[in-house]
Each structure stands twice: as structure tokens, then as C-alpha cells.
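Data block below; observations after.
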Amino acid sequence: MRVLLRRGFFYLITAWAAISLNFLLPRIMPGDPADALIEKFHGKLTPAAVQALRVLFGQGHASLWQQYVDYWHNVFTGDFGISYAYYPTPVSDVLGQSIGWTLVLISVCTVLGFVIGTGLGMIVGWKRGSWLDSLIPITTLLSSIPYFWFAICVVLLFAIVLHWFPLSGGYAVTETIGFNWGFISSAVYYAALPALTIVVASIGGWLIGMRNMMITTLSEDYVKLAEAKGLPKRRVMFTYAARNAMLPSFSSFAMSLGFVVGGSIVTEVVFNYPGIGTVLFKAAQAQDYPLMQGIFLVITVTVLVANMLADLAYVFLDPRTREG
Amino acid sequence: MAINVATVQEVESTDSVVSSRFGWLRAFRRPLTLTGVIIVAIFCVLAIIGPFIAPYDPSSVSKATLQPPSPEHWLGTTQTGQDILSQMLYGTQVSMIVGVLAAVFATVLSVVVGLAAGYLGGISDEILSLLANIFLVIPALPLTVILAAYLPKTGSFGIILVISITGWAWGARVLRAQTLSLRKRDFVEAARATGERTTSIIFRDIFPNQVAVIAASFLGTVTGAILTQASLAFLGLTNVTEWSWGTILYWAQVSSALLTGSWWWFVPAGAAIALLGTGLSLVNFGIDEFINPRLRQAGIGTRKAQRAQVRPTRLKAPRRSRREARASVSGGRTGDVILQINGLEVDYVGEGSTTKAVNDVTLTLRRGEVLGIAGESGSGKSTLAHAITRLHKPPAWISAGEMLYQRDDGTVVDILTMGDEELRRFRWEELAIVFQSAMHALNPILSIGKQIEDAITAHRPSMSASERAARVLELLDLVGIQTDRAGAYPHELSGGMRQRAMIAVGLALDPEIIVMDEPTTALDVVIQRQIVEKIIELKDRLGFSVIFITHDLSLLIEMSDTIAVMYAGRVVELADAKEFYRNPRHPYSRGLLGSFPTLSGPKRELAGIPGSPPDLRHPPSGCAFNPRCPLAFDRCTVVVPPLFALSGEAEWRQAEAACLLYEGGGTVPDRASVHETDERLIEEAR
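Quick note, the sequences are listed as chains E and V, same order. Just add 46 to the spot in the first sequence (first one is 1) and you have this note's numbering. Just add 40 to the spot in the second sequence (first one is 1) and you have this note's numbering.
Here you go:
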């Protein structure tokens, strides 16, 4: 349990660091983005909005410490200001409408990619030296392809040439959002291509990592002993080799997750998917700083939570972490 | 905790780094690695000469809009008639510069942080590690997007800065772990003892040993940086008038190239990124395989050896005549033979060469016998143990021989010709093995009870769960582990307890033979004694036979009935333990026993044997021991001596030694005559 407490503490510090960074960035960056933004709106902003913008960039009259305290207050009340790209919708509303799409898409795809990639890596590692090794250059190529470019190719083939799947969007406009069959089936149908992209592009990394760990683990004495015990091959492969080989994969989940999330966000842009990635794209185009900051916070906190879940699973998988 | 496990992996892998600082260059010889190097080199050349060989100005518009590839425009044109090939050539330069420079900055940062954290330790380590871990967990791309959006569009330099700030953490963590383990190495300790300055230790002693790891981290960061740059450019967050692969894709996207079907617009840029990324990864695999020798081994000689494993039946027939000869000489106490190994040969298949690790070994094991196998490391004794249980892995394979096992009912089977399922059922039921380090031989994620139980489950499917549980408790009690520890994991037990648990696992199915490969070497002397006594007690009670392998000769003499001494893959002496102790015959055995009888003059003690074990890839001609043998004569470099039967007392088996000193039919010298022979030989030598 002490391990979990330590990890929890680490995530708290990380969250604090990320959120404080978010506070600091607008204040230390060169130039005057606030004026540029106010200029751009040509007086269409209400005085309150102008004031909010100045506060965001630390141009108010409060002391830095007071600004910091106010900032934290805003974070906890979910008040991230007004979005300029979607003016005058509050940032929290924009986030609320898009986060669900991204969360479902990315969590399902990440888990699928991990399971398929690790599973294939297990088999390729187990049968090392066989023809399966020739898969490695192919998966290397797949994992080197930029997600968004792969997405473009997938769209070209399956949406434009073959017309199997819709070109873009998250659901058919004829459906109403809600818990009804029409909407859900439509959403799944629209998510198929983005999901395919993310899963295929992320499999390669997991596969190669797992294969290498599998080979390293297979020369461990406990795997040899399992074989010497005359255990069925499946048990040797799963309970002795793979269960141990996948532990490092789990602990590198943190790094990979950030990578997958980053790739998926750009993928959304290609599909014009109604998730947070497309919103981030629009925010960046419109220099909508409050929205970008809100997105950064939401993504960071989500990734931290996912990492904590991975740590919990790790403790479940590895008894050595359960004590001490 | 999660991070520590990965660290251990990283630390373990450093051994080879130290062994040869620039040996990693050899990795480039592998075809895949070479392909990677060539791909990367081509891109580097294009990055330099690209703008000079570009046929058009990449930004100049023309009337030839949206042309597919043609002789004028090899890669077609954009919506405004710009030449895509020229854009690609200019773009290669920008993308490569961003990738390489960002990786340079990130790597420098990670080397500084990693080395400092690992070397200084203490509070600086805590803080730097925390910083690295925070940067690892925060998703890089959104952070990069925000940083890039805030930066005024100064072009590539800002992007390079942003990417290096977000990309250094992983390398720093790996390098920290490496440094931590290097720091404890002898040569670093020595440098510190001689009072070298910290900075000079870091840069003279530690840094060069991490070149391979740093190179791997650098190449990985280049890939990451090029991908990130492309993503940022694609999102329109860089200067979109500066041509890079990402910018090309950005313009393709905003101009709806997809909808107009102009695939030639976006295919080249993405393909270039993927190809370069693949090239860099292939180079990195080469480096990985160098850093982690186990990965390398998976590739060498595997095909041949695995084919051999699949078809274990197709072996050279052993030399029958010799076996019959052996059968006739094995006099002494007649017990049931339970295992008869004939002419066993185990080869290590290397690249272009094979090494005989076990060479023409013939051994007999009787019921209830403790057969001790002694030898230095590299003598083939562990390979023999693995071969007996058929646990050898490629690149090792059994090239000849047979291993006849006699079942209770008198039927005889050759272990080497068993099929997969037959072998699986044979294992543990009839023959179990105990490894040197129980720490490594027990599965760290299963409780010891479970590890005993799963052997029972696999072989006695009809047994009920409660019967199995009862058997587990019985076994733990048998080896002296409190039965309430059945749910304990290996890491919760002490070294001695783990070895007892290991033995309990071995006894689970009441096997007829237990092979023990240095079962006590990793333990301290007191625990060692307890374990040995336990093994003897259990053997007397349960009546199994033991093949006991160790380099500890005194232990072996004490607990074995018979002893086989191995040298360079061959058995050089076979005798009853008592007879062996009283009168070792082979010059090597005498060396092993610590002192040679003096030939003339005052008695002197010899500490061990001069010289070192032979390189099995290039064994000496004749008797492998001749370069180290004080009694060697001319014929020793010509003839490989077979085992000669000797006289002397024999309870279990008649002594034999593979030494030309005992050549000559029937004239078997006893100790005294050996001395005479020795003296005569010495005289002749003078």
C-alpha cells in the first residue's frame, strides 16, 4: 500500500506542476498575445471578456500570488473563461461537449492497441527465430508512420475510393445525441476509421516492446523450470513468460500513453471528429489561449488518472510491489 | 513499484556495454541494421543537397495545377501549380534540421541530467528524477501545442526549442539508471580512490561506456522530433510558408487534396517520414541487440538449432561398440541402471562455426545413486545438466547420442526421441531439476504453493483441489518450511527457504531422478550445510537418484557415491567418491583436489592448476588438458585419450580415467606405479 501512496503523491505533485505550468506560461511568454487577440475581435468583446483576458495573461492589478490563488479557485470551480474560437461559449462547455467523444475513442483504442500489440508480441517472442520475425520490419514501418498521415490514407481508401465508411464527423446528423440505438450505432460506424487508424498505428510499438521482453524473459530460469516441470505450453507461455514479460510494458505505459493520446488528437483533425483534438486544432488556429489551456489541463489530468489505473493494475499483476 | 522494474532491466543490460566500448559498431554488419543505416544516410545526403538539386522554386506558382506525377513534375503539382518534388527536397532539409537539432539539444539535456542524477545521488538525484518523471507523464503533444502557439512564429528555432524541452526526460531516466550501476563498478571506484575529479570521472570513465545507450536515445529522439514537427506543422502551428514535410501535409489538408483525389500531394511527405522513422528504428534495433545480448542470441544459429529441436530423433547413431565395452567394464556393486547416457554431444551453433560444449559423454546412473559431476566453469557440466532434461535452448543443440531411461516396469525409452507430449509427461514425473539460484528459478509472481501445485495439476489431472492442497502442505513440511507459508511469494522468503521451496517443487511428483545444478552455490556455508543434509535425508527416505553438479569438490566427495570429472566437454575421470578422494588418477583431478603428490624433494602445496580452461572454439589438439598438464608428453598433443579402466577398490563402479598415462591393455598402474611413471617421464624430459 505504501507504494500506491507514494505513486499517488507523485501524481499529485505532477498535477500541481502541470497546472502551475499552465498558470505560468501566459505570464512568461514573450510578446503580447492579449492585445493581439483583443485587436482581432475589433471591439466585439464585452468589457468583461477583455478584463478576463487581461487576467489570464497576468495584466490585472492583483499581485502574482493573488492571481495564483484565483487561478486555483477557477480550476476547482471549472471556470476556464470564455472561448474565443467558439465565442461566447464558456471553455468548460466546449470541453464538456467534446471530451466524451475523445475519452471513449481513445480509451477503447488504447486498450485494444495494447491488448492486440502485446498479444502479438507475446506470440512473436515465443516463436522467436521463426518466420514471424519477418513481421518486425513491417510493424516498425507501421509504428513510424505519422498517425495523421495514416488517417489520411485510410480515409482515401475506405471513405473516398470504397465508400465503406463516412468521410468525417462523429455521427449521422439525422440522429439525435442520446442513449438510443440509432445514435449509438451511428457513432460506432463513424468511429470505425479513426479507431482503425489509432489501433493499427499503436500496435507496432507494443508488439516490438513485448517481443523483446518476451525473449529476455524466456531465458529466465523460471521459464526453463516451468518447461522442465512438464507444464502445458500454454501455461508456460502465459503464466510464466508473458505475465512477467508484460510488466515493463505496463510500467512504460505512462510514456506511451502520452504518445498515443498526442497521435490520436491529431488524428481527430483528419476525421473532423467532434472530440477534443479537433477543438484543440480550432483553438490553435484562432489563438484561443483559454481554450488551449483548458484542453491541456483536461488531457493532463485524464492521462494522470489513466496512469494511476495502470499502476493499480501493476500492483495487481506483480506481488513484489504489494508490500514494503 | 513500476519504475524500479524497468530500471532493473536497464541496469542488467549494462554488462556488455562495459565489456567493449566500441564493439557496438559491429552491430552494423547485420543486414537489417545496414538497411537502416543506408536509409538514414540517403536522407542525410538529400537534406544537404536537396535545395541545390530541386528542379523548381518550391513556392513559385504555375498554371499546371493539380497535375499528377509526370516527366515535368515527377511528384505532380499542388493546387497552385507548385512542384511537389521541389517542396519535398526543400522540406527534407528543414525536417531533418529540426529533427537532428532538437534531438541534439534533448540528448545533451538528458545526458547532463541523467549523469548528474545518477552520479551525484542523494537529494539532487531525487529532484532531478522527479523532474524527469513529471515530464514523462505529462502528455507531450498538448504541451508542445500550447508552447508552440504561445511562441511568436519565429520559424524552426522555436519549434526545436519546444521539442527538446518536452523530449529529454526518457533519455535522462535511462541514463540515470545506467550511471547508477556503472558508478559501482570497479574501474569507477578505482578512479575515485585515486582522487580523480568528479567531472573527469564522469566524462572519462562513465560517459564513454554509455555511448551506445546515448546513441539509441538520440536516434529515438530524432524520430520523435520529426514526427512532432510534422504534427505541429500539420496543425498549422509552425511558419507555414517554410517548406517542411509537415507544411506540405498542412497545405494538402487545407486545400482538401483528399477530396479532389490528389493522392500525390500528401503521399510523398508521409512516406518520407515513415521511411526515415523505419530507418532510424532499424539502426536502433541493432544497438538494442548489442546492449541486450539475449536479443542478439535469439537470432544467431536459431534456425538450425530449432529445426534440430523439432526433430530430435534424427541423430547420429551412438557408437554401439563403445557402449557394449562400457557395459562390460562397469563392475562393482550391481544396481538397476536407471539412466544410461551414451555418446552425448551438445553443440553451440554460432555464426559459421560450431562449438562442442559436451563431447562424447557416456555416463550411467543407478537407482539410489548420487552421481557427482565436477568441473570448472566452462567444462560443460551445466550444459550437460540442461541436455539431460532436454532444456537446452538454441543456439545449443544435441548433435549425437542417446539417453536411455529405464522405467519401473523395465521398459527402456530414449529421452532424446520423445515427442513433445511424451516428453512433457516424462518431465517432473520421472526426472526433476533443481537450479542454482532459487531466486531466479521461482516465478516471482506466483506463490510457492501455486508453483508446487501447478506441477501436480499438469500431471495428475484427476486429483481434486483439496488433495492437491494437502500434497502441497505435505511437501513443504517435508523440506522444512512452515506450512502456513504456502501462500508466500518467492521474494518474501530467505535464500535458504527459497532453495528448500525449490526442492519441494522438485519432489512434487516423487521423481526417480533429480538433477541438481549447483543447488547450494548461491548460499552461505551454514545454510549450504542444512540444504545438503536435507537432500541426503530426503534421498535416503524417498530413494530417488541424484545427479549433483558443482565446482565444489569437497562437498561433492562428501555427498556423492560416484564422481565424474569433466574437462572441456569430456568426462576425464569416473570413480567411486571414496576411491577418487583416496587416489585421483587424472592429472586434472589431482589439480582439482588441490595438491599434487610431490615427485621428489620436499612436499609442496599447489594452489589450483596453472593456466586457464581451453577456448572450446579452438580446442588444443589431442588431450584438451595437455597445455596445462605437468605430465604431458608428445603423444598427448596427438591422441584424444579415451577412458581407460583402472584397478582399485570399486563399490559402485570401476574407476576410469581418460589419460594416456594409463594406456596399455590391462596394465593399470596403481598409485605407486603412477609415481614411477611420472618420475620416468620427468627424467626423460630432462
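No residue lacks a Cβ here, since even glycine has one placed at the ideal position from N, Cα and C. Since we're looking at a predicted model, the values are computed, not measured.
(1) Hey, V:A314 and E:L187 are a contact pair by Cβ (cut 8 Å); roughly how many whole angstroms apart?
(2) For V:V386, which three-state DSSP category applies?
(3) Since V:W208 is in the beta strand (DSSP E), which residue starts that stretch and which ends it?
(4) Looking at C-alpha atoms only, which residue of V:L578, V:D580, V:R569 and V:G583 is the closest neighbour of V:L596?
(5) At what residue ranges does the stretch 187-234 of chain E contain a whole run of the beta strand (DSSP E), taking only runs of 3 or more?
(6) State yes or no: is the beta carbon of E:Y268 nearer than 8 Å to at least one beta carbon in chain V?
(7) Quick one: what does DSSP say V:E409 is sitting in, helix, strand or coil?
(8) Could you please give the first and the last residue of the uninterrupted alpha helix (DSSP H) stretch that includes V:V280?
(9) Is the distance from the Cβ of E:V307 to the Cβ of E:I198 below 8 Å?
(10) For V:N324, which of helix, strand or coil comes out of DSSP?
(11) Determine, using beta-carbon pairs with one atom in the stretch 113-120 of chain V and one in the stretch 137-152 of chain V, whether at least three such pairs fall under 8 Å.
(12) Let's test the definition: count the other Cβ atoms within 10 Å of the Cβ of E:Q97 and tell me whether it reaches 16, buried, or not, exposed.
(13) Between the Cα of E:L213 and the Cα atoms of E:R281, E:I223 and E:L202, which residue gives the shortest distance?
(14) Kindly indicate which residue of V:G662, V:L683 and V:D123 has the alpha-carbon position closest to the one of V:D674.
(15) Evaluate contact between the stretch 432-451 of chain V and the stretch 241-253 of chain E, counting only Cβ atoms and requiring at least three cross-stretch pairs below 8 Å.
(16) Does the contact criterion of 3 or more C-beta pairs under 8 Å hold for the stretch 175-188 of chain V versus the stretch 124-133 of chain V?
(17) State whether the stretch 130-149 of chain E contacts the stretch 106-119 of chain E, with contact taken as three or more CB pairs (one from each stretch) at a distance under 8 Å.
(18) So, is the C-beta of V:H626 closer than 8 Å to a C-beta in chain E?
(19) Should E:A218 be flagged as near chain V, meaning a C-beta pair shorter than 8 Å?
(20) Which chain E residues are close to V:K433, counting only those with a beta carbon under 9 Å from its beta carbon?
(21) Please confirm whether V:V389 and V:W437 have their CB atoms less than 8 Å apart.
(22) If contact is defined by three or more beta carbon pairs under 8 Å, each pair taking one atom from either stretch, is the stretch 271-288 of chain E in contact with the stretch 333-341 of chain E?
(23) Any beta-carbon of chain E closer than 8 Å to the one on V:A727?
(24) Evaluate E:T222 with the Cβ neighbour count: other Cβ atoms within 10 Å of its Cβ, from every protein chain shown; 16 or more gives buried, anything less gives exposed.
(25) Residues in the stretch 295-323 of chain V with C-beta within 9 Å of chain E's C-beta atoms, listed in sequence order?
(26) Which of the three DSSP states, helix, strand or coil, is assigned to E:L303?
(27) When you check each C-beta in the stretch 108-127 of chain V against every C-beta of chain E, which residues fall closer than 7 Å?
(28) Which residue wins for smallest C-alpha separation from E:K173, given the options V:P434, V:E236, V:N666 and V:R70?
(29) Going by Cα to Cα distance, which pick from E:G163, E:I345, E:M260 and E:T263 is closest to E:A61?
(30) Under 8 Å, CB to CB, which of the residues in the stretch 93-108 of chain E have a partner in chain V?
(31) Rounded to the nearest angstrom, how far is the Cβ of V:A312 from that of V:W285, given a contact under 8 Å?
(32) Along chain E, which residues have their Cβ under 8 Å away from the Cβ of V:D400?
(33) Would you mind listing the beta strand (DSSP E) stretches within the stretch 454-505 of chain V that are 3+ residues and don't spill past its ends, in chain order?
(34) Where do the ends of the beta strand (DSSP E) carrying V:L444 lie?
(35) How would you list, in chain order, the residues of chain V whose beta-carbon sits under 7 Å from the beta-carbon of E:F327?
Once the coordinates are examined:
(1) 6 Å
(2) strand
(3) Note, V:W208: premise wrong, no beta strand (DSSP E); not H, not E.
(4) V:R569
(5) none
(6) yes
(7) coil
(8) First-last for V:V280: undefined, no H or E at that position.
(9) no
(10) helix
(11) no
(12) exposed
(13) E:L202
(14) V:G662
(15) no
(16) no
(17) no
(18) no
(19) no
(20) L264, S265 and K270
(21) yes
(22) no
(23) For residue 727 of chain V there is no data in the structure shown, the boundaries of chain V being 41 and 726.
(24) exposed
(25) A297, L298, L299, G301, W303, F306, V307, A309, G310, A311, I313, A314, L315, L316, G317, T318, G319, L320, S321 and L322
(26) helix
(27) none
(28) V:P434
(29) E:I345
(30) none
(31) 6 Å
(32) Residues of chain E passing the Cβ test: none, with the nearest at roughly 25 Å.
(33) 471-474
(34) A436 to Q446
(35) L275
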